Amino acid sequence: MNNNFVVSIPKELKSIKSKLFFGLTKRQLIGFSIAIALSLPVFFLLKNISLDAAMYGLFFTALPVIFATIYTKDGIPGETWVKLYLEYTYLNPQNRYFKVSKRNKKLAEERNVLNGKNKVRKAKPISNTSEAS
Numbered sequence: 032m033n034n035n036f037v038v039s040i041p042k043e044l045k046s047i048k049s050k051l052f053f054g055l056t057k058r059q060l061i062g063f064s065i066a067i068a069l070s071l072p073v074f075f076l077l078k079n080i081s082l083d084a085a086m087y088g089l090f091f092t093a094l095p096v097i098f099a100t101i102y103t104k105d106g107i108p109g110e111t112w113v114k115l116y117l118e119y120t121y122l123n124p125q126n127r128y129f130k131v132s133k134r135n136k137k138l139a140e141e142r143n144v145l146n147g148k149n150k151v152r153k154a155k156p157i158s159n160t161s162e163a164s
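In the working numbering, the protein residues as written are 32 to 164.
The following block contains the structure:
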């Protein structure tokens, strides 16, 4: 008997996600149920006004939750990625200011970045009195 079975083994075992129900992961099931729970009341409230408004309300209510459920970038879930992006751009901007201390004063003098403390030569005014005499 020749028992040569070929089984492909993924290199990264963390990329394997267990499927629970209808081929969806636990995260997707929770996300879709939250989207349904939020958007169905909006749909039924707006259905009395117009069916088009109800559909738009359902869509725009469920869209952020579905985005956060499905979207992953570099293995990071959508809401975590948005949180990190907002922290990086708005809460912790990357403006680095050079502050002169005792430890780096010599380096600041070499690079001439002493924030107005460096001496500037004043230009001597030209006077006509020396030419007249």
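By construction, the Cβ of each residue, glycine as well, lies at the ideal position given by its N, Cα and C atoms. Quick caveat, the model's predicted, so the values are computed rather than measured.
Measuring C-alpha to C-alpha distances from Thr103 to each of Arg134, Leu117, Gln59 and Met86 identifies Gln59 as the nearest.
For the 8 angstroms CB-CB criterion, Leu89 and Phe74 form a contact. Runs of the alpha helix (DSSP H) spanning 4 or more residues and lying entirely within the stretch 40–85 occur at 57–77, in chain order. According to DSSP, Ile97 shares a beta bridge with no other residue. Looking from the CA of Ile101, the closest CA among Ile61, Met86 and Gln125 belongs to Ile61.
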